[in-house]
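Participant: Below you will find the structure I want to go over with you.
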């Protein structure tokens, strides 16, 4: 999407423009408000939160809540903070993203450059798998993981995310490679290159943009996932989203809002950073995922 | 356009003669071999599992799967559960408000931004970042915001507006609307991005022609631009409907189904009945219903897209 | 019917001057073609006449009325776009009627007008179709129908034929010419194709980099180009532009240029008076390919034809003529000979130069001196 000066030929006058800008800014405030509230209140001591105004800037600035959220807060029965679960998430996300992206790339390659009868059906079936409500697979998946001895473990989660990520990554690569000129493949074949050589030497080097989009999309979805984490992990392998929910929803004891907020921001940090750094590609991924074909 | 596959290639490694036939066969089969694992896996974990869960929905499974056939009993029981009825009602309310309001807000913002706004570069990231957040994070932020004791109501009181009352989240009837508010906050920016892309794709010359024809801005959008955006509306609808039916994380984080079970949704219903209440058969049948709902939206859409866009 | 005047028009985008003081006028019923390479400002100029772009200075008058500050829909103009710009969600009939609808014309009147226009353009059978169901040529007609139905004072065309294939382009070009002759409305037409310009226009404005290079009838532009750019741009194949010198030669002046493989070519000039002042100086000698022929093919009515031998580099038989390439003044020079001339490459044959048609330019200013 173009970032530079928009090209529409529609004209408006000054008063209307002022109104437009005001509305847009009001909405910007609406979108930023929760983030602001979280950040601002994550550095206040607890009494200030309870007595004071959630919108006000901190009178007493403290990073205690952050430290607590990271390493000492009570999550479930352990006072470990989010750190171990953060690490669980990292250990889960990185292999899952790498593997599902790779598989998606190969699948997209096959589906677009090595056509065969029925490839449309294969693609359609893969595509539909992106949309299913994951609730429908929870029960059998739990059984299978148990049978494989992977129940409640990080490798188990990785497996789950990989198989359910194949649909989307295949979709992205397939759409991208579809636009890639097939003549280059043929020329390479004439030169004697085989299936994998063509992939490594010709397709993959030009796949930068779509790899970025796919990785961002997968990373965001897998990091933010809650359902699979809730269903297939146990205490040792819980991702940070589960831990955050435990932290925030614990109904016993004093509600330490500042810690909750620090925790929420910590949990959101990786995806936020990915988003800020590569925003354009992020949007492209969202669009590609939504606007099929 | 089909690529002739398996053109006999003389690689520098393959010796000529009989072995090259094997190589040739291998090269021809290789694409399918590469694709096969994914296909097989997806066949199992998606379609196989759907069948499995479907089968379970016809059994009397409790804690563990059992295969005692009970026919439609689970489905019949389902409709007897007040929670399920509540869940469906909530889905209807949530789904329609979510889709309609997100679309309206998204379209509105997109049209505004399309008016040659100079701060667009700064606005877009702000409108879109909520999509990058986990629903749990969103739920956490809004839960607090909507909490009467600490959140908006409390702040209003502190600012002098004593009588301001905003206890929706604690109110059985109104809690669902809180989920609507948080969900709209998360997704409307994305809807805006989709509509903006659609608007940008409108041929500029059409707009010029309309100006010469004397169309006011209002007429321009109503008669020409918005009809052109029909594909975007469709995509938006499909994406939002899909998200609405699946929504689980947000409900858990914001209200955990509460107060009581007032914000139960099919997704939370399924989870609690399967894993907490040990009524796997019932849970399975609720999952099947969820699948049916999504399929009724997605399948026609995919079908028309693949038919139209297939090369 | 209208009379269009453009008075010292200036347009600036940010810090860039896109149109620098354009002066043009078209009489009623005239056909003005704006022609020039990409980026010369012709589309921008058209958009300012339409009112789709504002101007930074100068005035535009239609039928005596200044229109600079008027909204496009109030200037009594109609426009046909390069990509036709048909409203995709409306039928052909609705597309044509849309402008009238916006102006509040009652339905019965609208329908009548649409039917009339459809008949003229032979698209009556398409009225209920959507644009996506039409071919390129049909869409172009609908676009013209939308403009016609407005009955404006000035028609504006923005490269309407660029998106059509070659044969269709020629057919539509003839249609546009025919429409112009029957309706006698004033037309302003933008194109980068100089053949279109020559065939359609009553006056041509050649633009380059926002500056008007020359404004005149096709005949003037073709035969008396104001500068090197116009000479080179108009005409296909392009005019030969040869570096040469003017030298005194037996009572008159001759233009002298180097000639591959032979002694320098000396061509006695047709009209001495203007050039004698430039004797001893460098010039650019311009002569179109059709003025360089074989001896029997030369123009008998010309006052001065000079024959000279030249060395042939390439021969390009083109059916109706044969193009012969030689080298003069270090440049490739194309001559047009009759097709049954037997000319072999690398031979030396007599060429006939019709000096009546020659033009001369100053090498520094690139302006025409004679």
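Residue numbers (the numbering used here), protein chains in the order written: chain V, 15 to 307; chain Z, 183 to 493; chain P, 8 to 377. The beta-carbon is built from N, C-alpha and C at its ideal position, and this holds for glycine as well. In this text, all values refer to a predicted model and were calculated from it rather than measured experimentally.
1. Of all the options Z:371, Z:341, Z:375 and Z:329, which has the alpha carbon lying nearest to the alpha carbon of residue 360 of chain Z?
2. Mind listing, in chain order, the continuous alpha helix (DSSP H) runs of no fewer than 4 residues lying wholly within the stretch 444-473 of chain Z?
3. For residue 15 of chain P, report the span of its alpha helix (DSSP H) as first-last.
4. Between which two residues does the beta strand (DSSP E) carrying residue 367 of chain P extend?
5. Measure how close the beta-carbons of residue 420 of chain Z and residue 483 of chain Z come, nearest whole angstrom, since I'm counting them as under 8 angstroms.
6. Check whether the stretch 266-276 of chain V touches the stretch 47-55 of chain V, taking contact to mean three or more Cβ pairs, one atom from each stretch, closer than 8 angstroms.
7. Does any residue of chain Z have a CB that is nearer than 8 angstroms to the CB of residue 233 of chain V?
8. Between which residues of its own chain and residue 261 of chain V is the CB-CB distance below 8 angstroms, once the five residues before and five after are set aside?
9. Among P:21, P:95, P:81 and P:88, which residue has its Cα nearest to the Cα of residue 107 of chain P?
10. So that I know if they touch, is there some Cβ in chain Z lying closer than 8 angstroms to that of residue 42 of chain V?
11. Taking the DSSP output, what are the residues bridged to residue 41 of chain P?
12. So for residue 296 of chain P, helix, strand or coil by DSSP?
13. Going along the chain, which residues of the stretch 241-263 of chain V sit with their C-beta nearer than 8 angstroms to a C-beta in chain Z?
14. Please report whether the beta-carbon of residue 213 of chain Z lies at a distance below 8 angstroms from any beta-carbon of chain V.
15. Do residue 322 of chain P and residue 352 of chain P have their C-beta atoms within less than 8 angstroms of each other?
16. Can you tell me which of V:286, V:222 and V:249 puts its alpha carbon nearest to the alpha carbon of residue 238 of chain V?
17. With DSSP as the reference, identify every bridge partner of residue 328 of chain P, one or two as the case may be.
18. Please check if any C-beta of chain V sits within less than 8 angstroms of the C-beta of residue 203 of chain Z.
19. Here's a check: name, in chain order, each residue in its chain whose Cβ is nearer than 7 angstroms to the Cβ of residue 352 of chain Z, leaving out the five neighbours to either side.
20. Could one say the Cβ of residue 202 of chain P lies closer than 8 angstroms to chain Z's Cβ atoms, at least one of them?
21. In chain V, which residues lie with their C-beta within 9 angstroms of the C-beta of residue 369 of chain Z?
22. In three-state DSSP terms, what is residue 337 of chain P?
23. Along the stretch 41-64 of chain P, where does the CB come closer than 9 angstroms to a CB of chain Z? Name the residues.
24. With which residues is residue 292 of chain Z paired in a DSSP beta bridge?
25. Need the endpoints of the beta strand (DSSP E) that residue 221 of chain P sits in, please.
26. Residues of the stretch 66-98 of chain V in Cβ contact with chain Z at a cutoff of 9 angstroms, in chain order, please.
27. So, residue 251 of chain V versus residue 67 of chain V, is the Cβ gap smaller than 8 angstroms?
28. By the three-class DSSP mapping on this structure, what secondary structure does residue 332 of chain Z have?
29. Considering only C-alpha positions, which residue in the set V:217, V:210, V:113 and V:136 is nearest to residue 197 of chain V?
30. Would you check if the distance between the CB atom of residue 361 of chain P and the CB atom of residue 309 of chain P is smaller than 8 angstroms?
31. Closer than 7 angstroms to a non-hydrogen atom of the ligand COA - does that hold for the CB of residue 373 of chain Z?
32. Name the two residues that bound the continuous beta strand (DSSP E) containing residue 273 of chain P.
33. Among all the DSSP beta bridges, which residues are the ones paired with residue 375 of chain P?
34. Kindly list, in the order they appear in chain A, the residues whose Cβ is closer than 8 angstroms to that of residue 92 of chain P.
35. If I'm right that residue 468 of chain Z touches residue 373 of chain Z with Cβ under 8 angstroms, what's the distance once you round it to whole angstroms?
36. For residue 287 of chain P, does the count of other Cβ atoms within 10 angstroms reach 16, so buried, or fall short, so exposed?
Facilitator: Reading it off the structure:
1. Nearest of Z:371, Z:341, Z:375 and Z:329 to residue 360 of chain Z, Cα basis: Z:329.
2. Counting only runs of 4 or more, we get 448-453.
3. Looking at the DSSP string, residue 15 of chain P is not in any alpha helix (DSSP H); the run it does join, the beta strand (DSSP E), is 11-20.
4. Here the beta strand (DSSP E) through residue 367 of chain P covers 366-368.
5. The Cβ separation is near 5 angstroms, so the contact holds.
6. Result yes; three or more Cβ-Cβ pairs closer than 8 angstroms.
7. So, not an interface residue.
8. Same-chain partners within the cutoff: 83, 87, 88, 89, 96, 273, 274 and 277.
9. Ranking P:21, P:95, P:81 and P:88 by Cα distance to residue 107 of chain P puts P:81 first.
10. At a cut-off of 8 angstroms between C-beta atoms, residue 42 of chain V counts as an interface residue with respect to chain Z.
11. Note: residue 41 of chain P sits in a beta bridge opposite P:197 and P:212.
12. Reduced to three states, the DSSP call for residue 296 of chain P is helix.
13. Interface annotation for the stretch 241-263 of chain V against chain Z: 241, 244, 245, 255, 258, 259, 262 and 263, criterion Cβ-Cβ distance under 8 angstroms.
14. Chain V, which has a Cβ nearer than 8 angstroms to the Cβ of residue 213 of chain Z, makes this yes.
15. Closer than 8 angstroms, so yes.
16. The candidate whose alpha carbon is nearest that of residue 238 of chain V is V:286.
17. Per DSSP, the beta bridge partners of residue 328 of chain P are P:345.
18. Not a single CB atom of chain V sits nearer than 8 angstroms to the CB of residue 203 of chain Z.
19. Apart from the 5 residues on each side of it in sequence, residue 352 of chain Z sits with its Cβ closer than 7 angstroms to the Cβ of 330 and 441 in its chain, given in chain order.
20. Residue 202 of chain P has a beta carbon lying at 8 angstroms or more from every beta carbon in chain Z.
21. Contact note: residue 369 of chain Z does not reach chain V at a C-beta cutoff of 9 angstroms; the least C-beta distance is about 10 angstroms.
22. Looking at residue 337 of chain P - three-state DSSP - the assignment turns out to be coil, as it is neither helix nor strand.
23. Hits within the stretch, in order: 54, 57, 58 and 59.
24. None; residue 292 of chain Z has no bridge partner.
25. Its beta strand (DSSP E) spans residues 218-223.
26. Residues of the stretch 66-98 of chain V with a Cβ closer than 9 angstroms to any Cβ of chain Z, in chain order: 66, 67, 68, 69 and 70.
27. Against a cut-off of 8 angstroms, the Cβ pair of residue 67 of chain V and residue 251 of chain V comes out as no contact.
28. Reduced to three states, the DSSP call for residue 332 of chain Z is coil.
29. Nearest neighbour of residue 197 of chain V by Cα position, chosen from V:217, V:210, V:113 and V:136, turns out to be V:217.
30. For the pair residue 361 of chain P and residue 309 of chain P, the CB atoms are nearer than the 8 angstroms cut-off.
31. In terms of ligand content, the structure shown is empty, and the ligand COA therefore cannot be addressed.
32. Residue 273 of chain P -> beta strand (DSSP E) spans 269-275.
33. Bridge pairing for residue 375 of chain P: P:368 [DSSP].
34. Protein chains in the displayed structure are V, Z and P, and chain A is not among them.
35. Wrong, their Cβ atoms sit about 28 angstroms apart, outside the cutoff.
36. By the neighbour-count rule (16 or more Cβ atoms within 10 Å), residue 287 of chain P is not buried but exposed.
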